[in-house]
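Student: Chains as they are written, first to last, in the working numbering: chain A, -18 to 463; chain B, 284 to 779. Take this structure first; my questions come after.
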């Protein structure tokens, strides 16, 4: 039994409509969000079995332009991204209820509606069958997350929103769109095909230029120097930062990078010219890690950590080998679970203790043990230590780098892991092992509606340690020579 | 009887609004005049649609006025290109008509209402006449009809600057029309005919003369003035900024498109691609001016302090898109230009209608007076955002379709680096629209505006019809594109 991806995109859209109508009954509205998330996840799960068996369902809804239709193709990378986004929406929906209530946030109907529509756009990106459909949902995601980023409506939100929209629209209109048009002009098609559509049509220098246009054009992958939108987006409420800027938006970016490498350029062909972008990714990995070390604001530190971790996936893509793609895809899953936990913790810390800076967290672990324990587990995953899932994605990436003979990259990955140890594990260490300053009030954990969804992805990180195998097999089916 | 009516459709297209105008004056009452206006525009749209269908099925339609055959008599000739433009013009008119009722009640003094509708009908007749005619001098006559009525309509704007803007447009517009007339006169002198198809046949014999070259120059300048192509655009911001909302919307969506039609018709059908773009440097000249228009218009829009002036400057930039497509003189480029006649008409129409809604409630379109309007008028401001996305060229909107074809055409041309200019224009559009969005959504409403509500349903509905059309074209552009491609082929292929 297979599900038409159109239903999976329509479901959150219909939910958005229902959410707008049920705003008068807040409990119903919150329940609709959570139920939709569950239904969406179940729907995506139904796609796993047929795709794992080798089916690649393909639908064209209507022609956007003559010769280019609104096309959906279901393949392993897309299903993986959809699973991550929809699966992690469930704890986020629960967390958002608690967080928005505890912080007395306003405009909750607008929030819920935009959130649902953002997930619909993410599903559209996951199942897009050609570059134009992908671009349509990609831009839709940028636009629908703008009201979420500027939710607070104050000056800081407005300024953050400007950087956010400016960088994302600037890169997509200025770089991504011309890349798509050039692809159309050169290849005569924009549909994704296993093995790529550009094979041999461009000289290596031109192909390298086109690849660079694509990778910089996908601003959501946050490659330096187009990364500033991610820390700027931290003005958003934490549920937004958690799902969208740890999972949906940024993972959409690196997913698009993987998809373009595999289905537009093709692995064999791409290997000849992806090296320049590989070094850009390497610089981003290190650069963002170093900046993260210097950030005292917790969300800002997590944002730069995200930039660094996203570059891991891009690194895997630019290695343009099966191992590289597998490592990158695996890292999408592992990083998502880990980072969303970290952001949930940051939100819980703000809600319970009103602390936003790392330097203020000394000794807080005694008052909020569960939060910081979850933080520690998720940090382990990001650093890449067992028994957390991140171990395996880092392992595969290093294996891919060694296989391709890029020893410098192994050093880059190793150094970055050490740096992440420094900027991430420092936090639970402070919280548990430093004495607490006199804070006056007694502090306790955040409400259970925040705590429960916080623990779930943390536990998932450990679970993923044991589930890496099946994921690898699933992804490899998409790649040639498997 | 049906057959005889169908045969007379071409002349009915022009005669109906032309006769309805004095009828409005006779009717005197504003509400009756409005009802007549709505009826005529809707019938006009039906006629345009039927004509477009006839052309699609059976090829070009010709009609000899009064039964006198060309080249002695005036002939109307409808091929894919002008059928397309006819549908655009009548379509916009049909959408603006229901909108006009509330808007005119607010902006035009009650005792002049019937005159306003009479002038609108004359304007419509003029625009449709320019589009449908196959005779060069007849085109000039209708151009004067439409121009004179638009001067009068703009002068009816509520602010005192409207009079000044109208006067400036009158001077510049008359100069433009005169240049056009001189050009047509020179052509008549060299060929002895005024019929467009006949001119196309007789001109090749006299291509080498400086008279014909001068004629082309005069005509291009005249048409460019009506088109508001840089640097002959000076009248546009004032005229669109101060005219009544209905007039701004209608003119922005149709008048410049018809001027573009005039330019394209003369360059491709009458003079022919080989002469205009091969022998004479129409391509580089128009291309350079188009690029200048795109950049200058976008930058000027960035610094505008009034919403309608901002949209007017944005129109100057968008006209650059159209002329760039024309300057490329390739099937892809011409398709992009023709498509943008439709797309920009829909998008700018929607934006000006929404601006009219804002003016209706808040009494001003100055950006500072619009602060926080989104809280008071959510649907209107949502329409501005949605149509604005079309201006930027976000996929799923009509603007994206134009941009796609323009970029494809540019990549194939000798000047692929102009792609950067198109993209910069889009980004600038995002910037100046971002300014408007921030003003509407992020500021607190001023005290006086605090108790306003939404605009009337008739105005909102008309605005949203165009917004919906924007998305419909953006998501399923195939019908429009196919028609535009056929039009481009006719223009480039056979010149008759």
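We put the beta carbon where it would ideally sit given N, CA and C, even for glycine. Every value quoted in this text rests on a predicted model; they were computed, and no experiment measured them.
For a cutoff of 8 angstroms on Cβ pairs, would you count residue 684/B as touching chain A?
Tutor: yes
Student: Determine, using beta carbons only, whether residue 93/A comes closer than 8 angstroms to chain B.
Tutor: no
Student: Out of 366/A, 60/A, 271/A and 170/A, which has the shortest C-alpha to C-alpha gap to residue 21/A?
Tutor: 60/A
Student: Going by DSSP, name the residue or residues bridged to residue 78/A.
Tutor: Under DSSP, residue 78/A shares a beta bridge with no residue.
Student: Out of curiosity, what's the CA-to-CA distance linking residue 310/A and residue 188/A?
Tutor: 23 angstroms
Student: Give me the Cβ distance between residue 101/A and residue -10/A, rounded to the nearest whole Å; I'm assuming they're in contact under 8 angstroms.
Tutor: The distance from the Cβ of residue 101/A to that of residue -10/A is about 5 angstroms, consistent with a contact at the 8 angstroms cut-off.
Student: Going straight from the alpha carbon of residue 291/B to that of residue 628/B, what length do you get?
Tutor: 28 angstroms
Student: Using C-beta distances below 7 angstroms, list every residue in its chain close to residue 75/A, excluding the 5 sequence neighbours before and after it, in chain order.
Tutor: Closer than 7 angstroms at the Cβ level, and outside the excluded window around residue 75/A, lie 15, 430, 433 and 434.
Student: So, helix, strand or coil for residue 136/A, using DSSP?
Tutor: helix
Student: Kindly list the residues whose CB is nearer than 6 angstroms to the CB of residue 453/B, restricted to its own chain and excluding five residues on each side of it in sequence; keep chain order.
Tutor: 434
Student: Would you mind sorting residue -12/A into buried or exposed? The rule is 16 or more other CB atoms within 10 Å of its CB.
Tutor: exposed
Student: Mapping the DSSP letters down to three states, classify residue 53/A as helix, strand or coil.
Tutor: Of the three classes helix, strand and coil, the one that applies to residue 53/A here is strand, per DSSP.
Student: Output the boundary residues of the alpha helix (DSSP H) element that contains residue 6/A.
Tutor: Per DSSP, residue 6/A belongs to no alpha helix (DSSP H) and is neither H nor E.
Student: What in chain B is Cβ-close to residue 210/A, meaning under 8 angstroms?
Tutor: Annotation: residue 210/A has no Cβ neighbours in chain B at a cutoff of 8 angstroms; minimum Cβ distance is about 14 angstroms.
Student: Quick one, are the C-beta atoms of residue 129/A and residue 99/A less than 8 angstroms apart?
Tutor: Yes.
Student: Looking at residue 648/B: is its Cβ nearer than 8 angstroms to the Cβ of residue 716/B?
Tutor: no
Student: Going by beta-carbon coordinates alone, are residue 774/B and residue 547/B separated by less than 8 angstroms?
Tutor: Contact: yes.
Student: Taking Cβ-Cβ distances below 8 angstroms as the criterion, which residues of the stretch 33 to 54 of chain A are in contact with chain B?
Tutor: 43, 44, 45, 46, 47 and 51
Student: Going by CA-CA distance only, name the one from 180/A, 154/A and 409/A that's closest to residue 194/A.
Tutor: 154/A
Student: Can you give me the Cβ contacts of residue 65/A inside the same chain, cut-off strictly under 7 angstroms, excluding the 5 residues immediately before and after it?
Tutor: Take residue 65/A, set aside five residues on each side of it, and the residues of its chain with a beta-carbon closer than 7 angstroms to its own are 228, 232, 313, 314 and 317, in chain order.
Student: Are the CB atoms of residue 506/B and residue 554/B nearer to each other than 8 angstroms?
Tutor: no
Student: Might you give, ordered along the chain, the residues of its own chain that have their beta carbon closer than 6 angstroms to the beta carbon of residue 107/A, omitting 5 neighbours on each side?
Tutor: 59, 62 and 63
Student: For the beta strand (DSSP E) containing residue 41/A, list its first residue and its last residue.
Tutor: 39 to 46
Student: What number of angstroms, rounded off, separates the C-alpha of residue 6/A from the C-alpha of residue 215/A?
Tutor: 29 angstroms
Student: Quick check on residue 778/B: does DSSP put it in helix, strand or coil?
Tutor: Low per-residue confidence applies at residue 778/B: pLDDT is 41, beneath 50, and the placement is therefore not dependable enough to give any value.
Student: Step through the CB atoms of chain B and report whether any lies within less than 8 angstroms of the CB of residue 86/A.
Tutor: no
Student: Should residue 205/A be labelled buried (16 or more other beta-carbon atoms within 10 Å of its own) or exposed?
Tutor: buried
Student: Once DSSP output is grouped into helix, strand and coil, what is the label at residue 111/A?
Tutor: strand
Student: With the cut-off set at 8 angstroms, would you say residue 255/A and residue 203/A are in Cβ contact?
Tutor: No.
Student: From residue 698/B to residue 671/B, what distance separates their C-alpha atoms?
Tutor: 28 angstroms
Student: With a threshold of 8 angstroms between beta-carbons, can residue 318/B be considered close to chain A, or not?
Tutor: Not one chain A Cβ lies under 8 angstroms of residue 318/B.
Student: For the alpha helix (DSSP H) containing residue 544/B, name the first residue and the last one.
Tutor: For residue 544/B, the uninterrupted alpha helix (DSSP H) segment begins and ends at 539 to 547.
Student: Just tell me which of 638/B, 653/B and 681/B has its CA closest to the CA of residue 667/B.
Tutor: The shortest Cα separation from residue 667/B among 638/B, 653/B and 681/B belongs to 638/B.
Student: Among residues of its own chain, excluding the 5 on either side of residue 120/A, which ones have a beta-carbon nearer than 7 angstroms to its beta-carbon?
Tutor: 153
Student: Going by C-alpha distance, which of 456/B, 651/B and 442/B is nearest residue 431/B?
Tutor: 456/B
Student: Residue 384/A by DSSP, collapsed to three states: which one?
Tutor: helix
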